[in-house]
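Colleague: So for the sequence shown, the UniProt record's numbering puts the first residue at 1; every next one is plus one.
In this text, a Cβ means the ideal position worked out from N, Cα and C, and glycines have one as well.
A single structure is presented below for examination.
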Amino acid sequence: MQPKKKLMPKSAFLVKKYERHIRLLFIAFITVLCFVFITRSGNGSSETPVLPPKTVEPAVSSPGGAKDKFLKPHTDKVQNVFYPEDDGVREKACMVTLARNKDLWHLVTSVRDVEDRFNKNYHYDWVFLNDEPFNEEFKSVMTAMVSGTAKFGVIPKEHWSFPDWIDQDKAAEVRKQMKEDGIIYGDSVSYRHMCRYESGFFWRHELLDEYEWYWRVEPDIKLFCDIHYDVFKLMKQNNKKYGFILSVSEYEKTIPTLWETTKNFMKEYPQHVKENNLMKFISNDGGKTYNMCHFWSNFEIASLELWRSPAYREYFDYLDRSGGFFYERWGDAPIHSIAAALFLEPEEFHFFDGIGYYHPGFTSCPVEEAIRLQNRCTCDPGDDQTWGDSYFCTRKYFGARGLKLPKEVR
Numbered sequence: 001m002q003p004k005k006k007l008m009p010k011s012a013f014l015v016k017k018y019e020r021h022i023r024l025l026f027i028a029f030i031t032v033l034c035f036v037f038i039t040r041s042g043n044g045s046s047e048t049p050v051l052p053p054k055t056v057e058p059a060v061s062s063p064g065g066a067k068d069k070f071l072k073p074h075t076d077k078v079q080n081v082f083y084p085e086d087d088g089v090r091e092k093a094c095m096v097t098l099a100r101n102k103d104l105w106h107l108v109t110s111v112r113d114v115e116d117r118f119n120k121n122y123h124y125d126w127v128f129l130n131d132e133p134f135n136e137e138f139k140s141v142m143t144a145m146v147s148g149t150a151k152f153g154v155i156p157k158e159h160w161s162f163p164d165w166i167d168q169d170k171a172a173e174v175r176k177q178m179k180e181d182g183i184i185y186g187d188s189v190s191y192r193h194m195c196r197y198e199s200g201f202f203w204r205h206e207l208l209d210e211y212e213w214y215w216r217v218e219p220d221i222k223l224f225c226d227i228h229y230d231v232f233k234l235m236k237q238n239n240k241k242y243g244f245i246l247s248v249s250e251y252e253k254t255i256p257t258l259w260e261t262t263k264n265f266m267k268e269y270p271q272h273v274k275e276n277n278l279m280k281f282i283s284n285d286g287g288k289t290y291n292m293c294h295f296w297s298n299f300e301i302a303s304l305e306l307w308r309s310p311a312y313r314e315y316f317d318y319l320d321r322s323g324g325f326f327y328e329r330w331g332d333a334p335i336h337s338i339a340a341a342l343f344l345e346p347e348e349f350h351f352f353d354g355i356g357y358y359h360p361g362f363t364s365c366p367v368e369e370a371i372r373l374q375n376r377c378t379c380d381p382g383d384d385q386t387w388g389d390s391y392f393c394t395r396k397y398f399g400a401r402g403l404k405l406p407k408e409v410r
């Protein structure tokens with residue numbers, strides 16, 4: 001008698017019967033999952049992938065236009081600048097603000113803009129300087145606002161006062177006459193101290209001793225666009241020494257003898273003037289006269305070593321001894337600009353395109369649509385004054401550097 005066959009459990013029988021179908025369903029399920037993943041990651045899609053904020057490339061006026069704005073590594077084909085990726089290493093840099101206690105609520109939005117648009121990703125320190133001690137409200141608010149360390153310094157009295165060689169009566173007469181002539185800040189003593197301080201002393205403050213780079217930020221400014229790269233690392237890795245956004249013309253009545261004094265300095269200190277300089281930006285006739293063009297210094301990203309150099313120290317001392325800060329109304333913007341043009345090579349300058357900037361009176365808004373969209377700019381390009389004629393000097397700068405204007409500029 002043959003043994004009775006052992007019957008399989010019903011569940012096992014069904015699994016064996018439909019095993020091939022189950023395998024096919026599993027393969028189909030995995031295939032669908034892979035397709036969904038690949039599609040969502042951007043492969044196989046005709047749409048431009050949305051990249052995380054830190055991998056979006058900076059805005060530049062490059063001939064490639066929008067199609068290569070996300071290329072890595074990225075080069076600005078106009079200014080021949082390489083935009084570095086974030087390697088997590090921070091430069092010896094800080095933001096610098098000259099302010100008074102009464103400026104607090106005019107400064108809060110400026111600081112917030114720089115933090116939101118840039119520094120929240122990098123946490124650089126912030127140095128605040130004042131000719132009197134900051135009060136507790138100013139310090140507590142600013143400490144809360146910044147993502148790096150907030151430092152508060154008092155300006156030494158000798159840096160914010162009349163030097164002993166200034167004739168006080170003569171200086172007072174000048175201020176009186178300038179007021180009658182309707183010259184802006186013509187009768188202001190504090191404005192003159194500020195211009196002299198920004199020209200010759202801010203970079204000597206002990207709080208800045210540990211830094212190599214700075215970004216000057218003032219009250220009431222606005223940033224319109226995201227900045228997706230480390231501006232200080234860009235300057236360092238590309239061997240840049242002076243960066244700007246706006247360039248305008250100075251009021252000639254405020255600096256009637258500045259250029260003659262500068263020419264005298266060049267004769268006495270020819271060793272400081274670079275053979276390959278940017279004279280074409282500040283003079284239309286090879287240095288005979290000054291064309292009044294200067295970089296608007298309320299926005300500066302620059303090397304502190306430029307101002308610490310023997311060339312600039314001797315230039316500032318020469319100007320200071322002439323008395324022009326008080327007998328006229330010399331501004332720090334033309335002084336910084338003239339010095340940089342004479343002591344640097346053209347390739348050591350950088351025009352910060354793509355940031356978007358406002359200081360009361362003037363607006364810079366990227367003219368390229370792709371840049372504005374990429375950097376989430378909140379400005380109206382119709383308000384841009386960067387490329388204006390006559391009073392504005394950015395075209396002059398591009399011409400002096402031999403750079404091609406963006407195609408959107410007419």
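(1) In its own chain, which residues sit with a C-beta less than 6 Å from the C-beta of Met95, not counting the 5 before and 5 after it?
(2) Would you list the residues sitting across from Met95 in a DSSP beta bridge?
(3) Which same chain residues end up closer than 8 Å to Met145 when comparing Cβ atoms and leaving out the 5 residues on each side of it in sequence?
(4) For Pro219, does the count of other Cβ atoms within 10 angstroms reach 16, so buried, or fall short, so exposed?
(5) So for Ile38, helix, strand or coil by DSSP?
(6) Classify Cys225 as helix, strand or coil using the three-state DSSP reduction.
(7) Within 10 angstroms of the Cβ of Tyr290, are there 16 or more other Cβ atoms? Answer buried if so, exposed if not.
(8) Compare the Cα-Cα distances from Pro163 to each of Glu368, Phe325 and Tyr211 and report the closest residue.
(9) To which residues does DSSP link Glu300 through a beta bridge?
(10) Leaving out five residues on either side along the sequence, give the residues of the same chain with a beta carbon under 6 Å from the beta carbon of Thr378.
(11) In the structure shown, what three-state DSSP assignment does Gln385 receive?
(12) So which of Gln374, Asp167, Asp131 and Arg204 has the shortest CA-CA distance to Glu328?
(13) Which residue's Cα is closest to the Cα of Phe295: Pro310, Phe281, Ser322 and Ser247?
(14) Evaluate contact between the segment 240-260 and the segment 292-311, counting only Cβ atoms and requiring at least three cross-stretch pairs below 8 Å.
(15) How big is the Cα-Cα spacing for Lys404 and Glu348?
(16) With the cut-off set at 7 Å, would you say Trp307 and Trp203 are in Cβ contact?
(17) What is the C-beta distance between Arg401 and Pro360, in whole angstroms, given that I count them as a contact (C-beta under 8 Å)?
(18) Please determine if the segment 302-316 and the segment 150-159 are in contact, where contact requires at least 3 C-beta pairs separated by less than 8 Å.
(19) Just to confirm my understanding: we take Val322, look at its own chain, exclude 5 residues before and 5 after, and list those with CB closer than 7 Å. What are they?
(20) Report yes if the CB atom of Cys365 is closer than 7 Å to the CB atom of Asp384, and no otherwise.
(21) CA-CA distance, Gln386 and Pro406?
Modeller: Working from what's here:
(1) Excluding five sequence positions before and after Met95, the CB atoms of its chain that fall closer than 6 Å to its own CB belong to Trp126, Trp215 and Val217, given in chain order.
(2) By DSSP's assignment, Met95 forms a beta bridge with Trp126 and Trp215.
(3) In its chain, beyond the 5 residues on either side, Val108, Val111, Arg112 and Glu115 have a beta carbon closer than 8 Å to the beta carbon of Met145.
(4) By the 10 Å Cβ count, Pro219 comes out buried.
(5) Residue confidence is low: Ile38 scores 41 on pLDDT, short of 50, so the model does not pin down where it sits. Its coordinate-derived value is still stated next. DSSP places Ile38 in helix when its eight states are reduced to three.
(6) DSSP places Cys225 in coil when its eight states are reduced to three.
(7) It counts as buried.
(8) Ranked by Cα distance from Pro163, the options Glu368, Phe325 and Tyr211 are led by Phe325.
(9) Arg216, per the DSSP bridge assignment.
(10) Taking Thr378 as the centre and dropping the five residues before and after it, the same chain places the C-beta of Phe224 closer than 6 Å to its C-beta, in chain order.
(11) Of the three classes helix, strand and coil, the one that applies to Gln385 here is coil, per DSSP.
(12) Residue Asp167 is the option with its Cα nearest to Glu328.
(13) Looking at the Cα atoms, Ser247 is the closest of the given residues.
(14) Cβ pair count under 8 Å is three or more, so yes.
(15) Their backbone Cα atoms lie some 17 Å apart in a straight line.
(16) In contact: Trp307 and Trp203 (Cβ atoms closer than 7 Å).
(17) In fact, because the Cβ distance is near 28 Å, the residues do not count as touching under 8 Å.
(18) Too few Cβ pairs lie closer than 8 Å, so no.
(19) The question names Val, yet the displayed sequence has Ser at residue 322. The residues are Thr261.
(20) The criterion of a C-beta distance shorter than 7 Å is satisfied by Cys365 and Asp384.
(21) The displayed chain sequence assigns Thr, not Gln, to residue 386. Straight-line Cα distance between these residues: approximately 12 Å.
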